[in-house]
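This report refers to the structure that appears directly beneath it.
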Amino acid sequence: MIVEANKGGKVVTLNKDDYFSKIEEKLNDTEMYEQVTNPINNNSISEFTEKLFKQNNIKQSLKLQLNSIDDLPRIRGQPKLHKVNHSMRLITCSRNTIQSSISTFAFSFIKELRTTIDNSMNNASEFVTKITKINMEEDENLASLDVQDMFTNIPLTSAVDLVINRIENSTTFNESTL
């Protein structure tokens, strides 16, 4: 199998069984992941979009769009060549899946939240631009933290509480009809 590595723009050839074994190993970590019994959950989506439609918060076309895709996201792995056992970084692809329309809709309301966070970065090049402007004294050091699977290690309730708090203080969201 030929796959892209996690860092460095490298391409790696892997034994197919090893590739899938490393992905399964990650997914079987019950401390990190939970198997979902009804991943599509059409009833909840239909009820939610029907409620928004009846309240005149969305148009018929958006209601249909949010209910129209049943495909589930796919997962792929990128080997971490800089790690001892070359563990996999899991990448979820949700393009043209049930999540894509819902995510786009939700993002239209929460995108302003990025502007309320100090020192948020949109991409690596913006980070490089900002970091090169930092003047450091001789007795100061710059530290780089390597957080394993950072996204899945963020406590979900803390993240949700933070987003809710930011939404409550968001002008854009408060001015919407949702």
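If you count the sequence shown from 1, position 26 lands on 945 in our numbering, and the numbers rise without skipping. Glycine residues also receive a C-beta, built at the ideal position from the N, C-alpha and C atoms.
PRO1050, buried or exposed, once every other Cβ within 10 Å from all chains shown has been counted against 16: A quick correction: the sequence has Ile, not Pro, at residue 1050. With fewer than 16 other Cβ atoms within 10 Å, it is exposed.
Once DSSP output is grouped into helix, strand and coil, what is the label at GLN979? Correct three-state label for GLN979: helix.
Take SER1019 as the anchor and find which of LEU991, ARG1033, ALA1043 has the nearest alpha-carbon. Closest in C-alpha terms to SER1019, from the list LEU991, ARG1033, ALA1043, comes LEU991.
Nearest-angstrom Cα distance between TYR952 and LEU946? Distance from the CA of TYR952 to the CA of LEU946, rounded to the nearest whole angstrom, comes to 6 Å.
For a test of the three-state rule: what should DSSP assign to THR1011, helix, strand or coil? Per DSSP, reduced to three states, the secondary structure at THR1011 is strand.
So ILE1086 is in the alpha helix (DSSP H); what residue range does that whole segment cover? DSSP places ILE1086 in the uninterrupted alpha helix (DSSP H) bounded by 1075-1087.
Identify, in the order they occur along the chain, each residue of the same chain with its Cβ nearer than 7 Å to the Cβ of THR1016, setting aside the five sequence neighbours on each side. Excluding sequence positions up to five before and after THR1016, its CB lies within less than 7 Å of the CB of ILE988, ASP990, LEU991, PRO992, all in the same chain and listed in chain order.
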